Amino acid sequence: APAFGVFLFRQAVIQSVPDELLEAARIDGCSEWSIFFVVVLPLLRPMIGAFMLITFLGMWNNFISPQIVLQTADKQPLSVAIAQLRGVYKTDYGLLTAATVVSVLPVAALFLLLQKQFISGLTTGAVKG
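In the working numbering, each residue carries its 1-based index in the sequence shown increased by 105.
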């Protein structure tokens, strides 16, 4: 995700922050830090929200590396714990379904909170035609 984030933010800065806006802020007497916090950061909020959601989903759904690296069950993520609910001869599908629903709730809540930023962050720079 870090390389993807660098590319995503580079594209967002190039497409959503015009040079004229930065020059106008400099003419008004803003320092470089105040330009970043007052001008650039509010323009990048949709991209930050989209990147947060994509990164969170990547970490939340991480399956292979924790399964390989972690030795104790108390440190494993929820996806690995759900996979271990399956038995060799019998699987309790009610428990498996309940665990899956519980694991989806935080992701759904985060998406509902960041829905506006996610959609506008993904459509930034989209060109019609």
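Each residue gets a CB set at the ideal place from its N, CA and C atoms; glycine is no exception.
Values in this document were obtained by computation on a predicted structure and should not be read as measured data.
Measuring alpha carbon to alpha carbon, tell me which of the options ends up nearest residue i.
| i | options | result |
| --- | --- | --- |
| Gln116 | Val209, Phe156, Gly199 and Asp197 | Phe156 |
| Leu63 | Leu175, Gly163, Val193 and Ala204 | Outside the modelled stretch of the chain, which goes from 106 to 234, sits residue 63, for which no answer is possible. |
| Pro107 | Trp138, Asp133, Met164 and Gln120 | Met164 |
Quick test of your reading: residue i and residue j, contact by CB under 8 Å. State the CB separation rounded to the nearest angstrom.
| i | j | result |
| --- | --- | --- |
| Gln220 | Arg150 | Not a contact, Cβ separation roughly 13 Å. |
Can you tell me the Cα-Cα spacing of residue i and residue j, whole angstroms?
| i | j | result |
| --- | --- | --- |
| Lys195 | Thr202 | 15 Å |
| Ser225 | Asn167 | 26 Å |
| Gly234 | Val118 | Only weak support exists for where Gly234 lies, its pLDDT of 46 falling under 50; the coordinates are left without a value. |
| Leu190 | Val209 | 16 Å |
| Asp179 | Ala129 | 54 Å |
| Val174 | Val185 | 12 Å |
| Val111 | Leu148 | 16 Å |
| Ile140 | Pro171 | 41 Å |
| Glu125 | Arg131 | 10 Å |
| Gln176 | Ala188 | 15 Å |
| Gly154 | Val193 | 41 Å |
| Val206 | Ala213 | 10 Å |
| Trp138 | Gln181 | 40 Å |
How about residue i and residue j: do their beta carbons lie closer than 9 Å?
| i | j | result |
| --- | --- | --- |
| Val144 | Val122 | yes |
| Phe161 | Leu215 | yes |
| Met152 | Leu113 | yes |
| Phe109 | Ile159 | yes |
Could you tell me the boundaries of the alpha helix (DSSP H) in which residue i lies?
| i | result |
| --- | --- |
| Ile140 | Per DSSP, Ile140 belongs to no alpha helix (DSSP H) and is neither H nor E. |
| Val212 | Tyr198 to Leu218 |
| Asp258 | Any property of residue 258 remains undetermined from this structure, which presents the chain solely from 106 to 234. |
| Gly192 | Looking at the DSSP string, Gly192 is not in any alpha helix (DSSP H), and its letter there is neither H nor E. |
| Gln172 | Ile169 to Val174 |
| Ala108 | Pro107 to Ser121 |
Within 9 Å of any Cβ in chain D, is that where the Cβ of residue i sits?
| i | result |
| --- | --- |
| Ala130 | Reference to chain D is not applicable here, since this structure consists of a single protein chain. |
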